[in-house]
Amino acid sequence: MTAAPALYDVPGPRTRRRHALYGALSTAVLLALLAWILYLLFHTGQFTATKWTPFEYQGIQLLLLRGLGNTLKAFAIAAVLSLALGGVLATGRLSDHRPVRALATLVVEFFRAMPVLVMIFFIFVALKVQPLPALVAGLTLYNGSVLAEVFRSGVHAVERGQREAAFALGMRKTQVMAHVLVPQAVRAMLPAIISQLVVALKDTSLGFLITYEEFLHAGKLIASNLDYDLPFIPVVMVIAPIYIGMCMLLSWFAGWVSRREQRSPKTEAVAHVPAGPGALLPGGEPPMAPKP
C-alpha cells in the first residue's frame with residue numbers, strides 16, 4: 140500500500156471527475172480554436188495551389204537553403220563570440236580591482252540596456268560595416284553582456300564555503316575559479332546559457348532589415364512575389380517550424396549535456412569497499428585476543 144503524499148490530499152472521486160471535466164473542456168476549446176484558424180486559412184485561400192507552387196521549384200528551394208545556411212553561420216559566429224565576451228566581462232566584474240570592475244560593469248549595463256536592433260543599425264549605417272559583421276557584432280555585444288551576468292550570478296550561486304575552503308588550502312584566486320567555482324557553476328548556468336543562445340538564434344532574423352540574406356530574408360523575397368499571389372502565410376508555415384525545430388534542438392542539446400555531466404566519472408559516487416583486516420607490521424603477528 141503506497142503512502143499518502145505529505146503536502147496534499149489524494150483527490151477523491153468527485154475531484155477526479157471535476158479534473159476530467161476541466162481537461163475535456165480545455166481540449167474542446169483548443170480544438171475549436173484550431174478549427175477556427177483552419178477555417179480562416181481555407182476561407183482566405185491560403186491553401187490554394189498557386190500559393191504553394193513556389194516551393195516546388197529548385198531555385199526557391201536553393202534560396203531557402205542558402206538563407207538557412209547564412210542564418211546558421213551568423214548564429215554560430217555570434218554564439219562563440221558572445222560566450223567569449225561574456226566570459227571576459229564576467230571576469231572583469233568579479234575582479235578584485237575596482238577600476239576593472241567598474242569598467243566591466245559600465246560595459247555590461249550599457250550594452251544590455253541598448254536595443255539590439257539599434258546596435259545593428261548603428262554598426263551597419265554609421266560605421267559602414269558589411270551586413271554579416273554588423274549583425275554578428277550587434278548580437279555579440281548584446282548577448283555577451285547578458286551572458287556576463289549569467290556567468291557572474293552562476294559563480295556567486297556556489298556556496299561560499301567552497302571558496303573559503305579552497306583559499307584555506309592555499310589556492311590562488313585563478314585556481315579557485317578554474318578548479319572549484321566554475322565547474323560547479325556550469326550546471327546552474329547551463330539552462331540560462333542555452334536560453335540566451337536561443338534568443339541569439341531568433342535575433343538573427345533581424346539581419347533581413349540590413350539586407351543580410353538570411354532565412355527570413357529569403358522568405359520575404361518569396362512572400363512578396365506577385366506571380367504567386369503573395370504567399371505570405373505559406374512562407375510563414377514553412378519557416379516557423381524550422382525556427383522552432385532549431386530552438387528545440389538547442390534545448391535538447393542542453394539536456395543531453397546536463398545528463399552527460401551527471402554521468403561523468405567525476406560526479407558519480409565512489410563504490411564503498413568494506414573494511415578488511417589491517418596490514419601486519421614487519422615481523423609481527425596478527426593481533427590476538429588476550430587469553431582468560
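First residue of the sequence shown? That's 140 in my numbering, and the numbers climb one at a time after it.
The C-beta atom is built at its ideal place from N, Cα and C for all residues, glycine as well.
Inset, instruction - Kindly confirm or deny that the region 286-300 and the region 216-230 touch, where touching means at least three C-beta pairs closer than 8 Å. - result: yes
Inset, instruction - Could you tell me which of Val275, Ala188, Leu336 sits nearest to Tyr351, measuring between CA atoms? - result: Val275
Legend entry - Whole-angstrom distance between Asp148 and Met140, CA atom to CA atom: Caution is warranted here: a pLDDT of 46 is assigned to Met140, below 50, making its placement in the model unreliable, and the coordinate value is therefore given only provisionally. About 16 Å.
Inset, instruction - Below 6 Å CB to CB, which residues in the same chain sit around Phe354 once its five sequence neighbours on both sides are set aside? - result: Only Gly206, Leu207, Thr210 meet the Cβ criterion.
Inset, instruction - Would you identify the three-state DSSP class for Lys267, choosing helix, strand or coil? - result: coil
Inset, instruction - Count the CB pairs spanning the region 187-201 and the region 381-389 that are closer than 8 Å, and state whether there are at least three. - result: no
Legend entry - Outcome for Gln335 when other beta-carbon atoms lying within 10 angstroms are tallied against a minimum of 16: buried
Legend entry - Where Tyr196 falls: helix, strand or coil (DSSP): coil
Legend entry - Among Arg156, Thr166, Arg157, Thr189, nearest to Phe371 - alpha-carbon criterion: That would be Thr189, whose Cα lies nearest to the Cα of Phe371.
Inset, instruction - Could you pull the start and end residues of the alpha helix (DSSP H) that Tyr367 belongs to? - result: Element bounds for Tyr367: n/a, residue is neither H nor E.
Inset, instruction - State buried or exposed for Met100, treating a residue as buried only when at least 16 other CB atoms are found within 10 Å of its CB. - result: Since the displayed the chain opens at 140 and closes at 431, residue 100 lies outside it and no answer follows.
Inset, instruction - Return yes when the Cβ of Ser221 is within less than 8 Å of the Cβ of Gly283, no when it is not. - result: yes
Inset, instruction - Please report how far the alpha carbon of Phe214 lies from the alpha carbon of Ala304, in whole angstroms. - result: 40 Å
Legend entry - Beta-carbon proximity of Val337 to Leu389, cut-off 8 Å: yes
Inset, instruction - Return the first residue and the last residue of the alpha helix (DSSP H) that Phe260 is part of. - result: 255-260
Inset, instruction - Provide the residue span of the alpha helix (DSSP H) that contains Phe306, from first to last. - result: 299-307
Legend entry - Backbone secondary structure at Glu288 - three-state DSSP: Three-state result, Glu288: helix.
Legend entry - Of the listed residues His158, Phe392, Gly358, nearest to Met376 (C-alpha basis): Gly358
Inset, instruction - May I ask you to report which of helix, strand or coil DSSP gives Gly151? - result: coil
Legend entry - DSSP state of Met310 mapped onto helix, strand, coil: Collapsing the DSSP output to three states places Met310 in coil.
Inset, instruction - Taking Ala273 and Ile349 to be in contact with their CB atoms under 8 Å, please state how far apart those CB atoms are, rounded to whole angstroms. - result: 6 Å
Inset, instruction - With distances taken Cα to Cα, identify the nearest neighbour of Phe347 among Phe263, His158, Gly394. - result: Phe263
Legend entry - Contact with chain D by Val257, beta-carbon distance below 8 Å: Absence of chain D from the displayed structure is noted, only one protein chain being present.
Inset, instruction - Starting from Ile349, trace the alpha helix (DSSP H) both ways and give me its first and last residue. - result: That residue, Ile349, is in no alpha helix (DSSP H); it is neither H nor E in DSSP.
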